[in-house]
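Line order of the protein sequences matches chains V and U.
Just so we're aligned, residue 1 is where the first sequence starts under our numbering, counting upward by one.
Just so we're aligned, residue 344 is where the second sequence starts under our numbering, counting upward by one.
Just so it is clear, CB atoms sit at the ideal spot from N, CA and C, and this is done for glycine as well.
Keep in mind the model is a prediction, meaning the values are calculated, not measured.
Notes follow the structure.
2 protein chains.
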Amino acid sequence: MGKKISIDDIAKSLGVSKTLVSLVLNNKADKHGISPDTQKKVRDKVKELNYQPNMLARGFRMGKTNTIGVLVSDISNRFYSRIARSIEDLAWSHGYTVIICSTDEDLNKESEQIRLLRDRKLDGLIISTSQDSAEPFNKLVDSGLPHVLIDRTFEGMRSPSVSVDNFAGGRLAARHLLHQGYRKIAVIGITPDHISTINDRITGFQSALAEEGVIIPPEWIIKTPFGEMDNTIKGKLQQFYQAGAMPEAIFTLNNNLTSACMLNLRKLSIDIPGQVAIMGFDDVSFFSFTRPSISVIAQPIERISEVAFDLLLRQIEGSKISEKEMSVKLPVDIVIRESTIKS
Amino acid sequence: MGKKISIDDIAKSLGVSKTLVSLVLNNKADKHGISPDTQKKVRDKVKELNYQPNMLARGFRMGKTNTIGVLVSDISNRFYSRIARSIEDLAWSHGYTVIICSTDEDLNKESEQIRLLRDRKLDGLIISTSQDSAEPFNKLVDSGLPHVLIDRTFEGMRSPSVSVDNFAGGRLAARHLLHQGYRKIAVIGITPDHISTINDRITGFQSALAEEGVIIPPEWIIKTPFGEMDNTIKGKLQQFYQAGAMPEAIFTLNNNLTSACMLNLRKLSIDIPGQVAIMGFDDVSFFSFTRPSISVIAQPIERISEVAFDLLLRQIEGSKISEKEMSVKLPVDIVIRESTIKS
DNA sequence: AGGAAAAACTAAAACGATTTAGCAAAATTT
DNA sequence: AAATTTTGCTAAATCGTTTTAGTTTTTCCT
Numbered sequence: 001m002g003k004k005i006s007i008d009d010i011a012k013s014l015g016v017s018k019t020l021v022s023l024v025l026n027n028k029a030d031k032h033g034i035s036p037d038t039q040k041k042v043r044d045k046v047k048e049l050n051y052q053p054n055m056l057a058r059g060f061r062m063g064k065t066n067t068i069g070v071l072v073s074d075i076s077n078r079f080y081s082r083i084a085r086s087i088e089d090l091a092w093s094h095g096y097t098v099i100i101c102s103t104d105e106d107l108n109k110e111s112e113q114i115r116l117l118r119d120r121k122l123d124g125l126i127i128s129t130s131q132d133s134a135e136p137f138n139k140l141v142d143s144g145l146p147h148v149l150i151d152r153t154f155e156g157m158r159s160p161s162v163s164v165d166n167f168a169g170g171r172l173a174a175r176h177l178l179h180q181g182y183r184k185i186a187v188i189g190i191t192p193d194h195i196s197t198i199n200d201r202i203t204g205f206q207s208a209l210a211e212e213g214v215i216i217p218p219e220w221i222i223k224t225p226f227g228e229m230d231n232t233i234k235g236k237l238q239q240f241y242q243a244g245a246m247p248e249a250i251f252t253l254n255n256n257l258t259s260a261c262m263l264n265l266r267k268l269s270i271d272i273p274g275q276v277a278i279m280g281f282d283d284v285s286f287f288s289f290t291r292p293s294i295s296v297i298a299q300p301i302e303r304i305s306e307v308a309f310d311l312l313l314r315q316i317e318g319s320k321i322s323e324k325e326m327s328v329k330l331p332v333d334i335v336i337r338e339s340t341i342k343s
Numbered sequence: 344m345g346k347k348i349s350i351d352d353i354a355k356s357l358g359v360s361k362t363l364v365s366l367v368l369n370n371k372a373d374k375h376g377i378s379p380d381t382q383k384k385v386r387d388k389v390k391e392l393n394y395q396p397n398m399l400a401r402g403f404r405m406g407k408t409n410t411i412g413v414l415v416s417d418i419s420n421r422f423y424s425r426i427a428r429s430i431e432d433l434a435w436s437h438g439y440t441v442i443i444c445s446t447d448e449d450l451n452k453e454s455e456q457i458r459l460l461r462d463r464k465l466d467g468l469i470i471s472t473s474q475d476s477a478e479p480f481n482k483l484v485d486s487g488l489p490h491v492l493i494d495r496t497f498e499g500m501r502s503p504s505v506s507v508d509n510f511a512g513g514r515l516a517a518r519h520l521l522h523q524g525y526r527k528i529a530v531i532g533i534t535p536d537h538i539s540t541i542n543d544r545i546t547g548f549q550s551a552l553a554e555e556g557v558i559i560p561p562e563w564i565i566k567t568p569f570g571e572m573d574n575t576i577k578g579k580l581q582q583f584y585q586a587g588a589m590p591e592a593i594f595t596l597n598n599n600l601t602s603a604c605m606l607n608l609r610k611l612s613i614d615i616p617g618q619v620a621i622m623g624f625d626d627v628s629f630f631s632f633t634r635p636s637i638s639v640i641a642q643p644i645e646r647i648s649e650v651a652f653d654l655l656l657r658q659i660e661g662s663k664i665s666e667k668e669m670s671v672k673l674p675v676d677i678v679i680r681e682s683t684i685k686s
């Protein structure tokens, strides 16, 4: 466990200054007219002593860590773990490391995490936020920490954001269900009430239904707290079931809700789509081989990650983001499978 | 975007030394006999100026980052994302941040990542390795970087490890399938050939079958490269199908394999468990509501994370890990659902 | 009163890199 | 041969903390 080799050790053992070693290591040697011979000597010695730079010292000096943070509500949620994975790959290919934080839809936890990541001098953040207003992010903008919001945004935000067209997604879902002849439709989302994705999906959905004169009664727009999903859904379904007033279709607004809903319908031995059709939001590979397979609105996960990372990187590198790119909205797709098709 | 407040600013504005401020901030003031009055003054000023410590500087000075790394083959794999999530929670509650890296079953990528994380002076690593021998880890032990291996281990390893009893898991699966009357059974795992979990599951499985005189022909022990799963499985199944030589049951050795297998059997319209039974390894919530629901060997994910994090933390804090704890093996459970039960 | 002990605080070094400003020797120009 | 430029290199400052080894002042003891 020999002591760590520093740049000073290299310099001393060659009888040169550490300035020189540093310049060589940073490929600035030519610019400073260091002779090729000397450069080679340095590089050889670096290999010989197996020198590994202390990134902490470098980061400290340069005020840069080559690390970005990714904040999502739950990394074990399939949607976010795929986002995280894509970002990780992009980050590594640009020399960045990724710190992932799960916020559990808790806005205080999220603030705390942002504070800590800022103290650690991360170079930037990609955030699917749990905040309930734009304000914390406007502060973040003022503080100068590069960041990009994904998935969820707010009106009046000055941060760059990448999201999908949730309103259109809601409409696609509605039109498909209408086309299949469903009229009595329930919607399941999550609380709290300010989550933009959930709200946009619902309003989009309602707008398309309204065009055909279909109105969803308020008690069929269900919102469950994160962490209570399973119980809430179980309760609601039982309630509908016992009242003999099952909806003909249910639109579940994220992949966990879809799963929870499927599970509880199965427990009640309710046939899908015979008795109730299910339309989900967010595709997950296994939705294609459940029986019935599940129709969903699918988000372009890779694309979201690419655009967000690009936007972040450009901020880190100091360029200004043009007004047009401040709020990127990507299209969604509908994937029609068995759960919405009456046989 | 006012300049960052440093400990020096606090000191100057109060007319005291920065030593004093530092001592107060680190709760070492009492030990050094700083008067309560002064302490209060410092703390008040810290609040007033909204001082935020520069963790990078601190980490640099102390040689400690309060950050650990988690290396897994793919964070978007449900098993690993749940492990990562558990570790993340434990880490935060102990003041640590987590960096997650996906190695893609690529041993060079993994080495590269370990090197980089070491340069960044991470305090420790939790690794589900893609290496093919114990050797790199014995080096890691010598280098003094605290780490714990999870999931996969090797013989002759000097690193602490936490894994499940994969051999017993294989046996449980075999006995259940035998008990259900299946004899012609195929196994699907992943390459490369040195992955301990896969091998232990297979040998356990074979050992229990052998006790009943059942031998699996070599061509029914299938291994697919990571990243080729879907194609390999599709090919093999088609081959069996066309040859009219379908196995009665298939034992899939991780959750992705299980998913891929289900998907392709569906595509071929092969009834589960009517024509082929499926027994998986690793439980994932949705296996309980697919139709048929899927029988699996389930690993205690939270427990693995807890034990691994505890082992890591104790190393970071400088205690020695006793011989007995060097290689923790946790029990698995069998979860019997519809995919293995003939109706 | 003189010396020892205790209380309250501080100066300066250290961590390992990057960067600024500049020096000495050699080569070139005049 | 003196002046200038170029080439090749270096000393020292800097980043923001923690920590070591004191120092100064006050209190206490005899």
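- Looking at the DSSP output, G412 of chain U sits in a beta bridge with U:I442, U:L468.
- Proximity of chain U to A57 of chain V at the Cβ level (cut-off 8 Å) is accounted for by F403, in chain order.
- Take the alpha-carbon of V385 of chain U and the one of S349 of chain U: they are about 13 Å apart.
- Bridge pairing for F281 of chain V: V:I297 [DSSP].
- Within the DSSP secondary-structure output, I150 of chain V pairs in a beta bridge with V:V162.
- Looking at the DSSP output, S670 of chain U bridges to U:S504.
- With a 10 Å radius around the Cβ and a threshold of 16 neighbouring Cβ atoms, N369 of chain U comes out exposed.
- The contact set of Q395 of chain U on chain V, defined by CB atoms closer than 8 Å, consists of R115, R118, D119 in chain order.
- In the DSSP assignment, the residues bridged to D676 of chain U are U:A641.
- Burial check for A427 of chain U: the Cβ neighbour count within 10 Å reaches 16 or more, so the residue is buried.
- One thing to note: Q658 of chain U has its Cβ within 9 Å of the Cβ of P503 of chain U.
- At the C-beta level, T290 of chain V and M262 of chain V come within 9 Å of one another.
- Judged by pairs of C-beta atoms under 8 Å, the segment 273-290 of chain V does not touch the segment 311-326 of chain V, as fewer than three such pairs exist.
- Around V332 of chain V, the same chain offers V164, D165, N166, A168, G169, L172, I297, A298, Q299, P300 as residues with beta carbons nearer than 8 Å, after the five sequence neighbours per side are excluded.
- Chain order gives no chain U residues near A249 of chain V, where near means a beta carbon separation below 8 Å; the closest approach is about 18 Å.
- In the assembly as shown, Q581 of chain U is an exposed residue. Its beta-carbon has fewer than 16 other beta-carbons within 10 Å.
- A residue is called buried once 16 or more other Cβ atoms fall within 10 Å of its Cβ, and N393 of chain U, having fewer, is exposed.
- Judged by DSSP in its simplified three-state form, T290 of chain V adopts coil rather than helix or strand.
- Using a CB distance below 8 Å, no part of the segment 524-544 of chain U faces chain V.
- With its beta carbon less than 9 Å from one in chain U, P292 of chain V belongs to the interface.
- Secondary structure of I647 of chain U (DSSP, three-state): helix.
- One finds S285, F286, F289 in chain V with Cβ atoms closer than 8 Å to the Cβ of S602 of chain U, taken in chain order.
- Per DSSP, K390 of chain U lies in no beta strand (DSSP E) segment; the continuous alpha helix (DSSP H) that holds it begins and ends at 379-392.
- Within the segment 204-241 of chain V, complete beta strand (DSSP E) segments of at least 3 residues are found at 221-224, given in chain order.
- By the CB criterion at 9 Å, R609 of chain U and S638 of chain U fall outside the cutoff.
- Contact check between the segment 138-146 of chain V and the segment 82-102 of chain V: fewer than three CB pairs, one atom from each, fall below 8 Å, which does not count as touching.
- In the DSSP assignment, G144 of chain V falls outside any beta strand (DSSP E), carrying neither H nor E.
- For T252 of chain V, the enclosing beta strand (DSSP E) has its first and last residue at 249-252.
- Boundaries for G402 of chain U: no beta strand (DSSP E) harbours it, while the alpha helix (DSSP H) harbouring it runs 398-405, taken from the DSSP string.
- Boundaries of the alpha helix (DSSP H) harbouring V367 of chain U: 361-368, taken from the DSSP string.
- Collapsing the DSSP output to three states places I531 of chain U in a strand.
- Looking from the CA of R421 of chain U, the closest CA among U:L654, U:R518, U:F629, U:V367 belongs to U:F629.
- Taking all protein chains shown into account, L177 of chain V has 16 or more neighbouring C-beta atoms within 10 Å of its C-beta and is therefore buried.
- Under the three-state reduction of DSSP, S682 of chain U is assigned to helix.
- Under the criterion of beta carbons closer than 8 Å, L399 of chain U and K121 of chain V qualify as touching, at roughly 5 Å.
- Counted as a single uninterrupted DSSP element, the stretch harbouring D373 of chain U is not any alpha helix (DSSP H), since DSSP gives it neither H nor E.
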